[in-house]
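Chains as they are written, first to last, in our numbering: chain A, 33 to 291; chain B, -7 to 57; chain C, 26 to 269.
Working notes for the structure below.
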Amino acid sequence: MSRSYLPHWMHRLGSPPTFYRFAGALRPWLMAAALITAAIGLYGGLVLAPPDYQQGDAYRIIFIHVPSAWMSLFIYACMAVAGLVALVWRVKLAEVIAMECAPIGAAFTLITLVTGSLWGKPMWGTWWTWDARLTSELVLFFLYLGVIGLYHAIDDRRRGARAASLLALVGIVNLPIVHYSVVWWNTLHQGSTVNLFGKSSIAPSMLWPLLVMALATHLYFFASILGRTRTALLSVESGKQWVRGIVDRQPLPRQGAPT
Amino acid sequence: MTHWLAMGGYAAYVWPAYAVFFAVLAWDWIAPALRRRRLARELRGRIARERVRRGTRSPHAEVSA
Amino acid sequence: MITVAQPFADSSPAIMTARPGAWRACLALLRRDFLLAWRRRGELFLPLLYAVIVAALFPFALGPEPQLLARIAGGVLLVIVVLAMLPALESMFRTDLEDGTLEQWLLAPQPLALLALTRVAAHWITTVLPLIVVMPLLGALLNLPWDVLPVLIVALLLATPLLALLGAVLSALTAGARRSGILLALMLLPLAVPVVIFAAGAIAAAQAGLPYLAPLSWLAAALVLAVVLAPLACAAALRIAVEA
């Protein structure tokens, strides 16, 4: 399949050894930026922001709950795009990136669910409420588990990646449908939902830490995906010479292997 | 300081939430590092075995440095 | 004198109809599936038995009060049908993948999506239709109000083909995987949530005497979409599963 219409740098970046070095160089900077941004955001959120007039200090969970919820959707979109590239152009790197997105997305979805229930307990008195957003997030979590499960269930790694990518694409079509049906279902049974999360007007002093934390989680995601892709490339390309070069050069005591 | 830690009485919910946030992301950061170390060890073992096998397969060929 | 073969002489250039024989191929496939199902007709009763057992368990678990049972009957029957469909879904393409039939499907001149659609139709008729036919009996077990029964059956007639189509895509995806029963259920859950919500919504509305046409029409719309799109996704999944 000729990929002539792709820009040249994308060609070069598509080759695993080049990407391996590029990711290795970029990753520490991204992680450092993520940590600094998170420190600023948390300082703004936990210390500077005033307590909420209704919820007191319990609302401070918003600074990790909402960014994680945004991340769980954002990572799913990245996974679907990488999956589409993997399915259509069969780019090995895209397959690896798509499959390495899934655990990070599942992690952020898990954080969203746990922090959501921890926040709901003081506000609604129960650990779990079938609020439309929390329910959609739970279904999204099952979607992630489905993609991860399918990928590991198929022995042939490349075929597994393509099958899981197709599931991710089916999932992305399904997400808005799930959200709409859950909202419709919610109005059917509970009357008006308690929109604890949907603050129409959020005070600026609370808003900027939220956005800074969102930036931090995005930076963290890029750092983590680069790291995971490097590791996955080592295992996918273990037969190749460049991987052996990297593995051999590592300063580990050579257990008496003949020189 | 202790007032801040109390989180207006909601400390039992805010701090565990942040703990989960950092714990899950820490796991997400460490898991590939562990996988990478295990992979490197396996691959090094395979390389060593291949080098030994290459060395003994043709006895009359002089052992390459 | 070399006679030049005219491969496309017969297909009129104006409209590119499906390859000749598409209809005959589907009928042949349907006949094959029904024959196979008839040979193992003992297994056809398994989903029915499963449904009756689970339906019978609910009164033991929740007590026999008629009002309670009547209130939950519609939703419980719907969930039972969805669960009874799962084991059959898994083996939809697995045997064909193993004995090489899928390779023949890929080579067949007919579009793979059409063959997949035929397989899903055959699977739905042989495994799910008996469940719907036996629904009045299960409804009686759970004291389902008689005026709700027709709505339940219509909702099932719309929801189960939809689930079969979605399940077919997932079954094609997991055909190459190892034992994957639970995995299929895990993958089907997100896709089944909207279907169950609208089907149960229709049943609950009928039970409460409210208009139930809206959720049913949503289900019908989703079914029409799925009949067109799901076979395409299923064909893509089969191609992934077959090429080793």
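Backbone N, C-alpha and C fix where the C-beta goes; we use that ideal spot for every residue, glycine too.
Proximity of chain B to A/Tyr252 at the Cβ level (cut-off 7 Å) is accounted for by Leu17, in chain order. Excluding sequence positions up to five before and after C/Glu115, its CB lies within less than 8 Å of the CB of Ser196, Thr199, Ser205, Gly206 and Leu209, all in the same chain and listed in chain order. For C/Leu111, the closest Cβ of chain A is not nearer than 7 Å. Considering only A/Trp102, A/Ile68 and A/Ala126, the residue with the shortest C-alpha distance to A/Leu45 is A/Ala126. For A/Asp187, the secondary structure class from DSSP, reduced to helix, strand or coil, is coil.
Neighbours of C/Pro215 in chain A, taken as residues at a C-beta separation under 8 Å, are given in chain order as Val171, Leu172, Phe174, Leu175, Gly178, Gly203, Asn206 and Val210. Proximity of B/Leu(-3) to chain A, defined by a Cβ-Cβ separation below 7 Å, is not satisfied. The straight-line gap separating the alpha-carbon atoms of B/Leu26 and B/Ala32 is approximately 10 Å. For the region 144 to 169 of chain A, the set of residues with a beta-carbon nearer than 8 Å to any beta-carbon of chain B comprises Val146, Thr147, Leu150, Trp151, Lys153 and Pro154, in chain order.
Annotation for C/Leu238: the continuous alpha helix (DSSP H) segment containing it runs Leu238 to Val267.
Between the region 160 to 169 of chain A and the region 204 to 219 of chain A, the count of Cβ pairs shorter than 8 Å is three or higher; the stretches touch. Cα atoms of A/Leu172 and A/Thr141: separation of roughly 7 Å, rounded to the nearest angstrom. What A/Arg191 touches in chain C, judged by beta-carbon distance under 9 Å, is Gly201, Ile265, Ala266, Glu268 and Ala269, going in chain order. DSSP places C/Thr199 outside any alpha helix (DSSP H), giving it a letter other than H or E. No Cβ of chain A is located within less than 7 Å of the beta carbon of C/Ser196.
Within 10 angstroms of the beta-carbon of C/Arg66 lie fewer than 16 other beta-carbons, which makes it exposed. DSSP, read as helix, strand or coil, puts A/Asp163 in coil.
When the five nearest sequence neighbours on each side are left out, the beta carbons in the same chain lying within less than 8 Å of the beta carbon of C/Leu257 are those of Ala138, in order along the chain.
Under the 8 Å Cβ criterion, the region 245 to 257 of chain C does not count as touching the region 227 to 235 of chain C, having fewer than three qualifying pairs.
Between C/Ala184 and C/Ala224, the CB-CB gap stays under 7 Å. Here the C-alpha atom of A/Ile278 lies approximately 38 Å from the C-alpha atom of A/Leu74. Taking a C-beta cut-off of 9 Å against chain C, none of the residues of the region 95 to 109 of chain A qualify. Pairing C/Pro170 with C/Arg96, the inter-Cα distance amounts to about 9 Å. Near chain A, meaning a CB-to-CB distance below 7 Å, the residues of the region 17 to 38 of chain B are Leu17, Asp20, Trp21, Pro24, Arg27, Arg28, Leu31, Ala32, Leu35 and Arg36. At a cut-off of 7 Å between beta carbons, B/Ala11 makes no contact with chain A. Residue state for C/Gly46 is assigned as coil, using DSSP reduced to three classes. Note on geometry: alpha-carbon atoms of C/Asn168 and C/Leu162 lie some 10 Å from one another.
In the displayed model, A/Gly88 falls within a strand according to three-state DSSP. Contact between the region 88 to 95 of chain C and the region 134 to 154 of chain C is not established, with fewer than three Cβ pairs separated by less than 8 Å. Between C/Gly201 and C/Ala266 the beta-carbon gap is near 4 Å, inside 8 Å, which marks them as a contact.
Contacts between C/Met212 and chain A, judged by CB atoms closer than 7 Å, involve Gly178, Leu182 and Leu199 in chain order.
Excluding the 5 residues flanking it on each side, A/Leu170 has same chain C-beta neighbours closer than 7 Å at Leu145, in chain order. Contact annotation for C/Gly226 against chain A: Trp216, Trp217 and Leu220 [CB-CB distance below 8 Å, chain order]. Excluding residues up to 5 positions away in sequence, Met131, Val179, Leu182 and Tyr183 lie with their Cβ nearer than 7 Å to the Cβ of A/Ala196 in the same chain. For B/Ala11, the closest C-alpha among the options A/Ile96, A/Val210 and A/Thr249 is that of A/Ile96. In the DSSP annotation of this structure, the continuous segment of the alpha helix (DSSP H) that includes A/Glu132 starts and ends at Lys124 to Trp156.
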